[in-house]
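A.B. asks: Can you read through this structure? Questions will come right after.
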Amino acid sequence: MSNSQTSSPQTAVDKPTVTRSYKIALLVTLAVTTIYLSTMRNHGWIAHDEGLLAHSADRVLAGETPHIDFQDPYTGGLSYWHAQVFRVLGTSLTSLRTMLVAVAVLAVIAWFLIAARFLPPASAGVVTLVCLVWSFPNYFAALPSWYNLMFASWTMWAILKYSDELKPRFLVVATCAIGLSILCKITGVYALAATFFAVLFIHLNQDPASDASAKHSKYNSWQLMIGAGLVGITYCTLLFLLVGGRVSISNLALFCIPGTILMIVVFRQSQIAKTHSTSVSQLGLHTLLIIAVVHVVLIVFCYGYFNQGAMTELLQGVIMLPTARLAGATFSPPSPNWLLLTIPLGLLIYYDRQILKTAKLPVVITVTVIGIILITLGGIPLVYRIAFKSGHLLLPVIVTVGSVILIKSRSDFVSKAIRNRLFILLMFAAALSLLQYPYSSGIYFCYTSPFSILAVAAIVTRTKKYDRQLWGGVAAIAGIFAVVWINFSNPRTVGVFHQQANEMVTLDLPRGGLKIPAVGYDEIKPTIDYLQQHSQPNEYILAGPDCPQFYFLANRKNPTPQFYD
Numbered sequence: 001m002s003n004s005q006t007s008s009p010q011t012a013v014d015k016p017t018v019t020r021s022y023k024i025a026l027l028v029t030l031a032v033t034t035i036y037l038s039t040m041r042n043h044g045w046i047a048h049d050e051g052l053l054a055h056s057a058d059r060v061l062a063g064e065t066p067h068i069d070f071q072d073p074y075t076g077g078l079s080y081w082h083a084q085v086f087r088v089l090g091t092s093l094t095s096l097r098t099m100l101v102a103v104a105v106l107a108v109i110a111w112f113l114i115a116a117r118f119l120p121p122a123s124a125g126v127v128t129l130v131c132l133v134w135s136f137p138n139y140f141a142a143l144p145s146w147y148n149l150m151f152a153s154w155t156m157w158a159i160l161k162y163s164d165e166l167k168p169r170f171l172v173v174a175t176c177a178i179g180l181s182i183l184c185k186i187t188g189v190y191a192l193a194a195t196f197f198a199v200l201f202i203h204l205n206q207d208p209a210s211d212a213s214a215k216h217s218k219y220n221s222w223q224l225m226i227g228a229g230l231v232g233i234t235y236c237t238l239l240f241l242l243v244g245g246r247v248s249i250s251n252l253a254l255f256c257i258p259g260t261i262l263m264i265v266v267f268r269q270s271q272i273a274k275t276h277s278t279s280v281s282q283l284g285l286h287t288l289l290i291i292a293v294v295h296v297v298l299i300v301f302c303y304g305y306f307n308q309g310a311m312t313e314l315l316q317g318v319i320m321l322p323t324a325r326l327a328g329a330t331f332s333p334p335s336p337n338w339l340l341l342t343i344p345l346g347l348l349i350y351y352d353r354q355i356l357k358t359a360k361l362p363v364v365i366t367v368t369v370i371g372i373i374l375i376t377l378g379g380i381p382l383v384y385r386i387a388f389k390s391g392h393l394l395l396p397v398i399v400t401v402g403s404v405i406l407i408k409s410r411s412d413f414v415s416k417a418i419r420n421r422l423f424i425l426l427m428f429a430a431a432l433s434l435l436q437y438p439y440s441s442g443i444y445f446c447y448t449s450p451f452s453i454l455a456v457a458a459i460v461t462r463t464k465k466y467d468r469q470l471w472g473g474v475a476a477i478a479g480i481f482a483v484v485w486i487n488f489s490n491p492r493t494v495g496v497f498h499q500q501a502n503e504m505v506t507l508d509l510p511r512g513g514l515k516i517p518a519v520g521y522d523e524i525k526p527t528i529d530y531l532q533q534h535s536q537p538n539e540y541i542l543a544g545p546d547c548p549q550f551y552f553l554a555n556r557k558n559p560t561p562q563f564y565d
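So that you can map any letter, position 535 of the sequence shown is 535 in my numbering, and since no number is skipped, the others follow by simple counting.
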């Protein structure tokens, strides 16, 4: 049966219909998100992270400029943003947490809008909440990686909208989000890479019958293949160069192989593409639009530095110093042996439509029993690691399964819209996984986990013939495990074992307000009291090593440009 013949029954799946049901589901999802995060938003901290974020914003409020007057570890845009948060909400650590609730809500809206493209309202809400509990609540500090996640989520939504009708305004939305993400942290550039290849695939996957110039001669297929091959080889080369001297099976599997597989998909698509010369011209123009909009955002930020003749300081602070810092800050991904845990789920995703009716109930029962065991015994370190690392290392399996489906016969697809959707979600999941490099601890996986979750959902729901009971159970297990054993626990042990702080004390300082472990309170509070007794506000003190929190909490000045020693 041809692709056009099979597309009509599933038209409603390709584009979400804005109905009352979806609106209610979104409102319920937002209500649950806001209540859940608000009740715990001031819970826990890593002192030097909170100090870094707050002290950098405080220095901006005092008239200092990132990378000129002090060494901002990030691009600098987040320090300006947090300074405005202090100006509006008050200068305290709780203000940054309040704003992070809003950032999480924005991310949740994007995830729901994405999920609603291929799921009914209630299911879209459930998948969105699973994305939530595997991300923000696991380390609720206003770090730039959460902003990268939020902006990348909106970028992915905009590219999905762009794939519908190729309207340039959605590219503008996507690239504005990318630019803002880069201003928070340079790793926002990974979303730019995902966008380039998603747009390329969308144009290679166009139906020539819908092209207004279909009667024109086709663009030479060998030119398409050479172009796709060159950009694919370039991207793969950059991936392997990024890993560089830290080559290991785990690093290759998590950061290089997924991108390489997707480049093969792009090259394969270029071989069978029926794109006309006018469509290729449109691709070129839209690519230039992406580059132009990102440059505009970055130029606006750099203008002040250019006027001060400080572009060298900016480039050194954004590129050179972070590279030097990361040389000594590494955390390897889980051992490749843990990859074996992901194979059963990968096989289930791929073969779920081929399970005999008589075998479906036993499979559902087996999954349910495994889920109950994981949730019940998650406090045991080995059980905890089995559950967490099954998700942490799932990306290579997801990309492999999704790519096989993309490359094989088109008869498995309802329409080109679903092909576009799958590639976009897989590309973003693979590219944004690089946020974990080179510090691939459990919490860094949480910065990227929603993309993998959405990719799994998109693969499973590529047709209506998926087992709702089975996959609903998988989603429930993933969500409940995260809530019980990961959320608002010690972020330093996420991915290794569960550690919940038993005694939390409110940091009763004008600039504090967070609930921190009693042990930390006994160290911080007396020190701040001593500083306030023996010095005046805005006087200079010297705190170290790696103690920016003392400058902020005591409202004292830092005589050095450094935050960390």
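Backbone N, C-alpha and C fix where the C-beta goes; we use that ideal spot for every residue, glycine too.
Per DSSP, ILE516 forms a beta bridge with which residues?
C.D. replies: In DSSP, ILE516 forms a bridge with VAL505.
A.B. asks: State the DSSP-derived secondary structure class of PRO601, mapped to helix, strand or coil.
C.D. replies: No statement about residue 601 is possible, as the shown extent of the chain runs from 1 to 565 and does not include it.
A.B. asks: By Cβ distance below 8 Å, which residues in the same chain neighbour ARG87 in space, the five residues on each side in sequence not counted?
C.D. replies: Cβ within range, chain order: LEU61.
A.B. asks: If you draw a straight line from the C-alpha of THR19 to the C-alpha of LYS464, how long is it?
C.D. replies: If I take the Cα positions, the gap works out to 20 Å.
A.B. asks: What residue does the alpha helix (DSSP H) around ASN420 start on, and which one ends it?
C.D. replies: Here the alpha helix (DSSP H) through ASN420 covers 416 to 432.
A.B. asks: Taking PHE140 and ILE178 to be in contact with their CB atoms under 8 Å, please state how far apart those CB atoms are, rounded to whole angstroms.
C.D. replies: Rounded, the Cβ-Cβ distance is 25 Å, inconsistent with contact.
A.B. asks: Considering only their Cβ atoms, is the gap separating ALA387 from PHE481 smaller than 7 Å?
C.D. replies: For PHE481 and ALA387, yes; Cβs fall inside 7 Å.
A.B. asks: Determine the DSSP secondary structure at PRO438, reduced to helix, strand or coil.
C.D. replies: Coil.
A.B. asks: Assign PRO137 to one of three DSSP states: helix, strand, or coil.
C.D. replies: Here PRO137 sits in helix by DSSP.
A.B. asks: Are there three or more Cβ pairs, one per stretch, closer than 8 Å when the stretch 389 to 400 is compared with the stretch 331 to 341?
C.D. replies: Yes: the two stretches touch, three or more of their Cβ pairs being nearer than 8 Å.
A.B. asks: My output table needs one value for HIS43: the three-state DSSP class, helix, strand or coil.
C.D. replies: Reduced to three states, the DSSP call for HIS43 is strand.
A.B. asks: Could you pull the DSSP bridge partners for PRO66 from this structure?
C.D. replies: Its beta-bridge partners are PHE70.
A.B. asks: Near TRP81, what residues of its chain come up, given a Cβ to Cβ distance below 7 Å and the 5 sequence neighbours on each side ignored?
C.D. replies: Counting only Cβ-Cβ distances below 7 Å, and skipping sequence neighbours, we find nothing.
A.B. asks: May I have a chain-ordered list of the alpha helix (DSSP H) segments no shorter than 4 residues that lie completely inside the stretch 97 to 176?
C.D. replies: The stretch 97 to 176 contains these whole alpha helix (DSSP H) runs: 121 to 133, 144 to 165.
A.B. asks: Are the CB atoms of SER270 and LEU321 nearer to each other than 7 Å?
C.D. replies: No; because the gap between Cβ atoms is not below 7 Å, this pair is not in contact.
A.B. asks: Check whether the Cβ of ILE398 sits closer than 6 Å to any heavy atom of the ligand HEM, and report yes or no.
C.D. replies: Summarising the ligand content, the structure contains no ligands, and the ligand HEM is consequently not present.
A.B. asks: What residues are listed by DSSP as bridge partners for PHE445?
C.D. replies: In DSSP, PHE445 forms no bridge with anything.
A.B. asks: Looking at PRO561: is its Cβ nearer than 7 Å to the Cβ of PHE70?
C.D. replies: Closer than 7 Å, so yes.
A.B. asks: So, with DSSP's three-state summary, where would you put PHE331?
C.D. replies: Reduced to three states, the DSSP call for PHE331 is strand.
A.B. asks: Going by Cα to Cα distance, which pick from THR187, VAL401, THR155 is closest to ALA107?
C.D. replies: For the residues THR187, VAL401, THR155, the minimum Cα distance to ALA107 belongs to THR155.
A.B. asks: Could you spell out where the alpha helix (DSSP H) holding VAL266 opens and where it closes?
C.D. replies: Taken as a continuous stretch (DSSP letters only), the alpha helix (DSSP H) holding VAL266 covers 257 to 272.
A.B. asks: So, using beta-carbon positions, are TYR190 and LEU394 closer together than 7 Å?
C.D. replies: It is not a contact, given that the beta carbons lie outside the stated cut-off.
A.B. asks: When we look at the beta-carbon of ALA209 and count the other beta-carbons within 10 Å, is it buried (16 or more) or exposed?
C.D. replies: Since pLDDT at ALA209 reaches only 48, below the 50 mark, its modelled position is unreliable, and no value is offered.
A.B. asks: On the DSSP letters alone, give me the boundaries of the alpha helix (DSSP H) that SER79 sits inside.
C.D. replies: Run containing SER79: 77 to 89, per the alpha helix (DSSP H) assignment.
A.B. asks: If you follow the alpha helix (DSSP H) that LYS360 is part of, which residue opens it and which one closes it?
C.D. replies: Its alpha helix (DSSP H) spans residues 357 to 376.
A.B. asks: Identify, in the order they occur along the chain, each residue of the same chain with its Cβ nearer than 6 Å to the Cβ of ASP164, setting aside the five sequence neighbours on each side.
C.D. replies: Result list for ASP164: empty, nothing under 6 Å.
A.B. asks: Tell me which residues share the same chain as VAL294 and place their Cβ nearer than 7 Å to its Cβ, disregarding the 5 neighbours each side in the sequence.
C.D. replies: Excluding residues within five positions, the ones whose Cβ falls inside 7 Å are THR175, ILE178, GLY179, LEU192.
A.B. asks: Closest to SER279 by C-alpha separation, out of ASN307, ILE257, ASN205, THR91, would be which residue?
C.D. replies: With distances taken between Cα atoms, SER279 lies closest to ASN205.
A.B. asks: Quick check: what's the CA-CA separation for TYR564 versus TYR384?
C.D. replies: Spanning the two alpha carbons is a distance of roughly 33 Å.
A.B. asks: So which of VAL101, GLY77, ALA116, ARG169 has the shortest CA-CA distance to PRO144?
C.D. replies: Ranking VAL101, GLY77, ALA116, ARG169 by Cα distance to PRO144 puts GLY77 first.
A.B. asks: I think LEU262 touches ALA430, with their Cβ atoms under 8 Å apart; what is that distance to the nearest whole Å?
C.D. replies: With 8 Å as the limit, LEU262 and ALA430 qualify as a contact, their Cβ atoms being about 6 Å apart.
A.B. asks: If we count the other Cβ atoms within 10 Å of its Cβ and call it buried at 16 or more, is HIS216 buried or exposed?
C.D. replies: In this prediction, HIS216 scores a pLDDT of 44, lower than 50, which makes its location untrustworthy; no coordinate-derived value is stated.
A.B. asks: Could you please give the first and the last residue of the uninterrupted alpha helix (DSSP H) stretch that includes ARG462?
C.D. replies: Here ARG462 belongs to no alpha helix (DSSP H), and DSSP marks it neither H nor E.
A.B. asks: Tell me which residue opens and which closes the alpha helix (DSSP H) that ARG556 is part of.
C.D. replies: Segment: none, ARG556 is in no alpha helix (DSSP H) and carries neither H nor E.
A.B. asks: Pull up the distance between the alpha-carbon of PHE488 and that of LEU37, whole angstroms please.
C.D. replies: Rounded to the nearest angstrom, the two C-alpha atoms are 10 Å apart.
A.B. asks: Would you kindly report the start and end of the unbroken alpha helix (DSSP H) that includes SER248?
C.D. replies: Note, SER248: premise wrong, no alpha helix (DSSP H); not H, not E.
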